[in-house]
Each structure stands twice: as structure tokens, then as C-alpha cells.
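Residue numbers (this note's numbering): 121 to 210.
As C-alpha cells, this is what we get:
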């Protein structure tokens, strides 16, 4: 799910990873749900809206690159500045 407004100078993408085997064995459950049709996630009673939300529909990681990074690489070769910050933990 994405927001395609190309005038934004900063965009935020969220990738929701599936639970790993050790988490499942410990009885952990997903605490994040995705709002259908919206780039929004819910954690408990709180909702957070982003530009892109990945992971809940089984999209491959390449979709993140194609949607978020590839346009920046193209712009970079056309003389624009670009930065990609990635943070994650397992």
C-alpha cells in the first residue's frame, strides 16, 4: 500500500516482518495489524499512517526496492541528492 505523492521530500516505508520460529515457539503473536486499503498500521488502540506499508500481504522485499529506492537511484544519476535510511531488528 502506498501514497504516490511525488512532491514529498521525505517518505517513510514500514516493512512488517513475520514472526520467526523462536517467537512462534514462545507463543508470541502479531501485535501489529494493517488497515486494509490504507498505508496505515494499528498497534493496540493507536494508528500510524506512513507512505508505504509492506509485509502484511506477502510482498517480496524487492517491492520495497522497486517502489522506494529505485526512483532515488534514478534521480541520483540525474544529479539529485538522495538518502536511504534503513533500520531493523530481528
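For each residue, glycine too, the CB sits at the ideal point set by N, CA and C.
Could you give the residue range of the alpha helix (DSSP H) that holds residue i?
i: residue 142; result: 141–145
Alpha carbon to alpha carbon, how far is residue i from residue j?
i: residue 130; j: residue 166; result: 23 angstroms
i: residue 149; j: residue 139; result: 8 angstroms
i: residue 184; j: residue 168; result: 19 angstroms
i: residue 152; j: residue 173; result: 12 angstroms
i: residue 128; j: residue 186; result: 17 angstroms
i: residue 199; j: residue 188; result: 18 angstroms
i: residue 141; j: residue 162; result: 23 angstroms
i: residue 205; j: residue 197; result: 19 angstroms
i: residue 202; j: residue 208; result: 20 angstroms
Less than 8 angstroms between the CB atoms is what I'm expecting for residue i and residue j, so what's the real figure, rounded?
i: residue 171; j: residue 132; result: 5 angstroms
i: residue 136; j: residue 164; result: The Cβ separation is near 15 angstroms, so there is no contact.
Along the chain, where does the beta strand (DSSP E) containing residue i start, and where does it finish?
i: residue 155; result: Careful: residue 155 lies outside any beta strand (DSSP E) and carries neither H nor E.
- Any chance you could list the alpha helix (DSSP H) runs of at least 4 consecutive residues sitting entirely within the segment 157–204, in chain order? Fully enclosed alpha helix (DSSP H) runs of 4 or longer: 181–184 and 190–196.
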